[in-house]
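The sequence shown begins at 216 in the numbering used here and counts up by one.
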Amino acid sequence: MHNRNIYRRATDFVELAKAYPELENHLIPSPSSSSLKTIDFKNEESQRCLTKALLYRDFGVDVVLPEDRLCPPVPNRLNYVLWIQDIMREHPSSSVCGIDIGTGASAIYPLLACKLEHDWSFVATELDDASFQLAESNISRNHLGNRVRVLQAHPGQSILFPLNTYPDESFSFTMCNPPFYASLDEVTLSAEGKAMDPNAVKNNHLSWLLLTQTKGLHWCAC
């Protein structure tokens with residue numbers, strides 16, 4: 216984990232619940248100690264509540280996370296933003312604007328990055344209709360509409376179509392949410408090796424998985 220990641224230390228769930236009371240209903244005794252609390256990480260509702268609690272307490276971010284969309288774990292999403300932050304610090308610029316490809320319903324990367332870096336801006340793209348609308352809503356509810364533009368992608372469009380949409384604008388970096396898979400079978404096999412259920416693929420809703428014909432990118436579970 217990145218050395219600036221605030222989640223390098225174990226989360227005190229009791230203290231977190233004090234800052235976000237809704238989490239209290241999801242606390243259970245920790246297997247390691249009866250005096251400690253945790254959540255059931257296989258319970259999707261508890262996962263969503265934890266993500267909302269961490270974003271709210273640690274970043275002042277308020278998000279809506281629907282049941283049928285990906286619930287992004289905050290620690291590893293923060294890791295990605297911190298790595299990009301490192302690169303930008305190595306190559307300082309007076310203006311930093313990133314492209315988030317497939318931002319998802321939560322729009323978590325632009326939200327985290329804009330909270331960490333107050334002079335950054337984003338163009339975020341999303342293919343799925345419902346996720347696009349939710350991403351717009353999450354950006355708006357956090358009053359970042361002046362710094363994050365959410366664009367709807369369309370099948371057959373270039374993955375970096377914002378470069379054509381804004382030809383006179385300079386972009387500092389692009390990011391997207393890995394992993395990438397060659398087929399749905401690989402998604403399933405990957406999920407079998409994880410402790411938590413594959414909550415990125417829910418209710419047979421697959422229209423937001425990106426399929427391209429390039430050699431580099433295929434199915435993108437994001």
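Yeah, the Cβ is synthetic: ideal placement off N, Cα and C, and Gly gets one too.
Since the model is a prediction, treat every value here as computed from it, not as a measurement.
Nearest CA to the CA of residue i: which residue from the options?
{"i": "C201", "options": "Y381, N379, I374 and S385", "result": "As displayed, the chain neither begins before 216 nor continues past 437, which places residue 201 out of reach and without an answer."}
{"i": "L280", "options": "T266, P290, N291 and F274", "result": "T266"}
{"i": "V276", "options": "N353, G313, S249 and F376", "result": "N353"}
{"i": "V278", "options": "H369, D227, L349 and D334", "result": "L349"}
{"i": "D343", "options": "P377, P370 and R219", "result": "P370"}
{"i": "Y381", "options": "F228, E239, F337 and F347", "result": "F337"}
{"i": "Y295", "options": "L269, P325, A268 and D255", "result": "P325"}
{"i": "S385", "options": "I302, I221, P244 and S309", "result": "S309"}
{"i": "L269", "options": "G313, S248 and P287", "result": "P287"}
{"i": "I243", "options": "I254, Y222 and E237", "result": "I254"}
For residue i, report the span of its alpha helix (DSSP H) as first-last.
{"i": "F274", "result": "E259 to F274"}
{"i": "T380", "result": "P377 to T380"}
{"i": "E341", "result": "Counting along the chain, E341 falls outside any alpha helix (DSSP H), though it belongs to the beta strand (DSSP E) covering W335 to E341."}
{"i": "Y222", "result": "No alpha helix (DSSP H) contains Y222, which DSSP labels as neither H nor E."}
{"i": "L280", "result": "Taken as a continuous stretch (DSSP letters only), L280 belongs to no alpha helix (DSSP H), as it is neither H nor E."}
{"i": "L331", "result": "I323 to L331"}
Could you spell out where the beta strand (DSSP E) holding residue i opens and where it closes?
{"i": "C391", "result": "F388 to C391"}
{"i": "P244", "result": "L242 to S245"}
{"i": "R364", "result": "V363 to Q367"}
{"i": "I316", "result": "V311 to I316"}
DSSP on residue i, reduced to helix/strand/coil?
{"i": "A232", "result": "helix"}
{"i": "I374", "result": "coil"}
{"i": "C286", "result": "coil"}
{"i": "D383", "result": "coil"}
{"i": "D255", "result": "coil"}
{"i": "I354", "result": "helix"}
{"i": "G408", "result": "Low confidence applies here, because G408 scores a pLDDT of 49, under 50, leaving its location unreliable and the question unanswered by this model."}
{"i": "S346", "result": "helix"}
Count the other C-beta atoms from every protein chain shown that fall within 10 angstroms of the C-beta of residue i, then say buried if there are 16 or more, exposed otherwise.
{"i": "K409", "result": "Any reading at K409 is ruled out, since the residue's pLDDT is 48, under 50, leaving its predicted position unreliable."}
{"i": "S261", "result": "buried"}
{"i": "W298", "result": "exposed"}
{"i": "K252", "result": "buried"}
{"i": "H358", "result": "exposed"}
{"i": "R356", "result": "exposed"}
{"i": "R263", "result": "buried"}
{"i": "G360", "result": "exposed"}
{"i": "E351", "result": "buried"}
{"i": "A234", "result": "exposed"}
{"i": "E341", "result": "buried"}
{"i": "F256", "result": "exposed"}
{"i": "A232", "result": "buried"}
{"i": "S249", "result": "exposed"}
{"i": "S321", "result": "buried"}
{"i": "D315", "result": "buried"}
Measure how close the beta-carbons of residue i and residue j come, nearest whole angstrom, since I'm counting them as under 8 Å.
{"i": "A339", "j": "V363", "result": "6 Å"}
{"i": "Q367", "j": "E332", "result": "Incorrect: roughly 25 Å between the Cβ atoms, too far for contact."}
{"i": "K330", "j": "F388", "result": "Rounded, the Cβ-Cβ distance is 17 Å, inconsistent with contact."}
{"i": "P290", "j": "M216", "result": "7 Å"}
{"i": "R272", "j": "G319", "result": "Not quite, the Cβ-Cβ distance comes to about 21 Å (not below 8 Å), so this is no contact."}
{"i": "N220", "j": "L293", "result": "6 Å"}
Measuring only from the beta carbon, is residue i closer than 7 Å to any heavy atom that is part of the ligand ADP?
{"i": "R263", "result": "Only the bare structure without any ligand can be found here, which leaves the ligand ADP out of the picture."}
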